[in-house]
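S.K.: Quick one: the structure is below, questions incoming.
Numbering (this note's numbering), first residue to last: 2 to 97.
The structure is reproduced here in structure tokens:
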């Protein structure tokens with residue numbers, strides 16, 4: 002998993018999400034962390050350059066919030082290469 006892709010991690014506030022984000026950042030990717038609770042994501046961002054990691058609090062079960070997250074990721078990183086979901090959740094709405 003080497004590269005410089007732009008990856009959105011949903012459920013990034015969990016321990017598993019933080020671990021995934023750390024691995025992606027160490028592999029050179031740019032990462033947007035997404036979770037309903039912003040405070041849980043702060044520890045995942047610590048120690049990484051601000052141009053490679055960002056966080057946004059959102060409920061991606063809401064199609065409007067999911068679309069806003071993806072729009073924000075594209076604005077910050079110029080593109081979105083992958084969206085990874087960590088944990089259960091209610092399922093994601095289909096976004097175009």
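For every residue, glycine included, the Cβ atom is placed at its ideal position computed from N, Cα and C.
Comparing alpha-carbon positions, which option in 27, 20, 18, 37 lies nearest residue 62?
M.R.: Within the chain shown, residue 62 is the residue found at index 61, counting from 1. Considering only alpha carbons, the answer is 37.
S.K.: Which partner residues does residue 31 have in the DSSP bridge list?
M.R.: Against the chain shown, residue 31 aligns to sequence position 30. 7, per the DSSP bridge assignment.
S.K.: Would you tell me roughly how many angstroms separate the C-alpha atoms of residue 11 and residue 50, rounded to the nearest one?
M.R.: Here residue 11 refers to the residue found at position 10 when the chain shown is read from its first residue. Here residue 50 refers to the residue found at position 49 when the chain shown is read from its first residue. Their Cα atoms are separated by approximately 20 Å.
S.K.: Does DSSP put residue 41 in a helix, a strand or coil?
M.R.: Against the chain shown, residue 41 aligns to sequence position 40. DSSP places residue 41 in helix when its eight states are reduced to three.
S.K.: Indicate whether residue 87 and residue 9 have their beta-carbon atoms separated by less than 8 Å.
M.R.: Locating residue 87 in the chain shown gives position 86, counting from the first residue. Locating residue 9 in the chain shown gives position 8, counting from the first residue. No.
S.K.: Anyone know if the C-beta pair for residue 13 and residue 74 falls short of 8 Å?
M.R.: Working through the chain shown from its first residue, we reach residue 13 at position 12. Working through the chain shown from its first residue, we reach residue 74 at position 73. No, the Cβ-Cβ distance between residue 13 and residue 74 is not below 8 Å.
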